[in-house]
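Read through the structure below, which is laid out as structure tokens, and then see the notes.
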Ligand SMILES: [Zn+2]
């Protein structure tokens, strides 16, 4: 395979396009996803609402021929290099959103819970909240997109499942809760451990609010059902004035692979064909309505705009502010 340095990608872009067999430019967004960002948060405005992306580390996922239906490991590595990323592993960052709306501090997803999911380089959320000037005690509401561990383990202690945020309201999608709380032996084997953890926590917690379908959850944040990644996976639309940010959660995994190639199906998707349909629908809406878009696994900065690019899409990050 070709080896193309980062410098070649930036300086000699025309040559790089040819080397990858491309006839038109693709966006090179840099190697931000490959390593911990210098500063673990970015701030953005959506009208009057402030949104803060909080980096929670990265999973350096080993390559695996079964990871993506639609691409083999060689194709995966080529796509990673084309985005300026390492191809030694698949770098999967975690990025929680904090939203300040009408004086309320809201989190969308709770992170890996100090690295309970995502390996040794995950678990930086607490330090990056502090760096961004946010106190976990001020969090009044936590909105959950879906129940994979990298999104919910921040709600519970590792060994005891004790609540990390007993006084905050936790808003969960009804369809998601229903699926994970069905009898464990009806859940596919690899997901049973996670189901047991869900069943040991959410049903007995007093501060859980279950919301069905498209609904306003707090002022300025609307649930947008986006099923496929999981049975009840939900995106969120943050709106203020004439600006809107679509927090797409795990409608795709890392943008270098799955925004570029929306038909690639990661093994994480529970209902893969529906996941493909949903991400195309969300991104087509984002393009048509000129929405800002954020992805949980897009690394920092994880907020920007989406454009159509051949059969896929290109994500152009907004640098945001690091102070
Ligand atoms: Zn995830």
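In the working numbering, the protein residues as written are 2 to 324. In this text, a Cβ means the ideal position worked out from N, Cα and C, and glycines have one as well. Note that the structure is predicted; figures quoted are calculated from it, not measured.
Just grab the DSSP bridge partners of residue i for me.
i           : result
residue 1   : Since the displayed the chain opens at 2 and closes at 324, residue 1 lies outside it and no answer follows.
residue 223 : 217, 238
residue 306 : 317
residue 178 : According to DSSP, residue 178 bridges with nothing at all.
residue 106 : 101, 140
residue 92  : 61
residue 294 : 247, 305
residue 211 : 173
residue 50  : 47
residue 69  : 267
residue 322 : 44
How should residue i be labelled, buried or exposed, when 16 other C-beta atoms within 10 angstroms of its C-beta is the threshold for buried?
i           : result
residue 142 : buried
residue 252 : buried
residue 324 : exposed
residue 82  : buried
residue 129 : buried
residue 242 : exposed
residue 227 : buried
residue 231 : buried
residue 317 : exposed
residue 104 : exposed
residue 125 : buried
residue 197 : exposed
residue 28  : With a pLDDT of only 41 at residue 28, under the threshold of 50, the placement of this residue in the model should not be trusted; the figure read from the coordinates follows. By the neighbour-count rule (16 or more Cβ atoms within 10 Å), residue 28 is buried.
residue 270 : buried
residue 254 : buried
residue 214 : exposed
residue 256 : buried
residue 204 : exposed
residue 311 : exposed
residue 289 : exposed
residue 189 : exposed
residue 133 : buried
residue 39  : exposed
residue 308 : exposed
residue 72  : buried
Please find out if some non-hydrogen atom of ligand 2 comes closer than 6 Å to the beta-carbon of residue i.
i           : result
residue 310 : You won't find ligand 2 in this model; what it holds is ligand 1.
Going by the CB atoms, is the gap between residue j and residue i shorter than 7 Å?
i           : j           : result
residue 127 : residue 116 : no
residue 287 : residue 229 : no
residue 314 : residue 272 : no
residue 172 : residue 47  : no
residue 235 : residue 146 : yes
residue 178 : residue 211 : yes
residue 120 : residue 155 : no
residue 65  : residue 118 : no
residue 80  : residue 258 : yes
residue 200 : residue 176 : no
residue 157 : residue 87  : no
residue 216 : residue 248 : no
residue 192 : residue 185 : no
residue 237 : residue 109 : yes
residue 50  : residue 102 : yes
residue 45  : residue 321 : yes
residue 114 : residue 174 : no
residue 170 : residue 195 : no
residue 90  : residue 62  : yes
residue 250 : residue 297 : yes
residue 99  : residue 135 : yes
residue 139 : residue 106 : yes
* Any alpha helix (DSSP H) of 4 or more consecutive residues that is wholly inside the segment 237-279 -> 256-259
* To do: Pair every Cβ in the segment 44-60 with every Cβ in the segment 294-313, then say whether three or more of these pairs are closer than 8 Å.
  => yes
* Asked: Just checking, does the segment 164-177 make contact with the segment 91-104 on the three C-beta pairs under 8 Å criterion?
  -> no
* So does the segment 263-270 actually touch the segment 218-225, counting three or more Cβ pairs closer than 8 Å? -> no
* **Ordered list of alpha helix (DSSP H) runs contained in the segment 110-170, each at least 4 residues** => 126-132, 150-153
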